[in-house]
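In UniProt numbering, the protein residues as written are 1 to 186.
Backbone N, C-alpha and C define an ideal beta-carbon position, used for all residues, glycine too.
The structure displayed is predicted, hence computed values, not measured ones.
First the structure, in the form of structure tokens, and then the observations on it.
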């Protein structure tokens, strides 16, 4: 029997996973840009005073920097020039597509939901309604004498609906306190 020794030399250099032209505008991008402009105009209408565009640009710039965005200057003049894109520039459309996540997360949840973004997040009234619904279900489980497992499940759902109304920096310690008080449940 003969043995054959092979060495596999693969000296390929690392290739960027995202191609350079990832943000090249597509035909549907101009539609999204117009919807973003409409949403920003609605957002602008909800802000008091005369510095609405400055406030919007500041919030978008903060979000853009928070996600590590670079290469696009986000100030009032540029942001609204990119959004209006009066000349139909592919460059500006590409900028808006790159900034879209920062714009969507910076705008109020109610406006973002109105335009079909951030659907999975709930507004404050929706969180309160969800909490009330879970409370009623927990009370019904106890009053109807359902099995303990069902009662515990409904109670936990009620607690989680209440903690969803709190900011995450407060909800975490609250859950930790509850788990210390009743470790068998958590």
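From the options, residue whose alpha carbon lies closest to that of residue i
i, options, result
"residue 96", "40, 132, 54 and 175", "40"
"residue 67", "140, 150 and 103", "103"
"residue 33", "77, 88 and 113", "88"
"residue 45", "69, 107 and 123", "107"
"residue 61", "131, 105 and 85", "105"
"residue 98", "85, 120 and 70", "70"
"residue 132", "51, 155 and 115", "155"
"residue 80", "57, 63, 91 and 114", "57"
Element boundaries [alpha helix (DSSP H), containing residue i]
i, result
"residue 112", "109–114"
"residue 167", "It is not in any alpha helix (DSSP H) - residue 167 carries neither H nor E in the DSSP assignment."
Under 7 Å between C-beta atoms of residue i and residue j
i, j, result
"residue 43", "residue 111", "yes"
"residue 158", "residue 138", "yes"
"residue 73", "residue 30", "no"
"residue 150", "residue 161", "no"
"residue 47", "residue 83", "no"
"residue 163", "residue 171", "yes"
"residue 109", "residue 101", "no"
"residue 52", "residue 76", "no"
Proximity test, residue i beta-carbon vs the ligand MN heavy atom, cut-off 6 Å
i, result
"residue 63", "In the structure on display, the ligand MN does not appear, and there are no ligands present to speak of."
**Q.** Whole beta strand (DSSP E) elements within the segment 32–86, 3-residue minimum
**A.** none
Taking only runs of the alpha helix (DSSP H) that begin and end inside the segment 95–157, which ones reach a length of at least 4 residues, in chain order?
109–114 and 124–143
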